[in-house]
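Chemist: Structure provided below as structure tokens; questions to follow.
Residue numbers (my numbering): 40 to 152.
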């Protein structure tokens, strides 16, 4: 991979990571529920750069989700108070896996067409 391509990949992933962080703090609140579109930039990164790009953006998604448990989300704060290790496991590795699987599923669908 050329240096130009590496810089382009880093730039696009950084922009998608920033969008992921912003979207996580701007949920759609309806009927007492919070709906977030944070997975959309993760899926876009997985489509553009494969499972590794999806996993990196999934890690950002998970880290932001874990940070929200420190006071932004009442449910997350309650879960963090009960078991911090379990809260971390629920937040970070599952989001990494979601990004990884998004890339793998896209790759499988693309190969099948």
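Don't be surprised by glycine CBs; every beta carbon is placed ideally from N, CA and C.
1. Whole-angstrom Cβ separation of residue 23 and residue 63, contact assumed at under 8 Å?
2. Kindly confirm or deny that the segment 81 to 98 and the segment 109 to 129 touch, where touching means at least three C-beta pairs closer than 8 Å.
3. Could you tell me which residues DSSP pairs with residue 191 in its beta bridges?
4. Please state whether DSSP places residue 106 in a helix, a strand or coil.
Modeler: Answer, in terms of the structure:
1. Nothing can be reported for residue 23: it is not among the residues displayed for the chain, which extend from 40 to 152.
2. no
3. It is not possible to answer for residue 191, since the shown part of the chain is limited to 40 through 152.
4. Position 67 of the chain shown holds residue 106. In this structure, residue 106 counts as helix in the three-state DSSP scheme.
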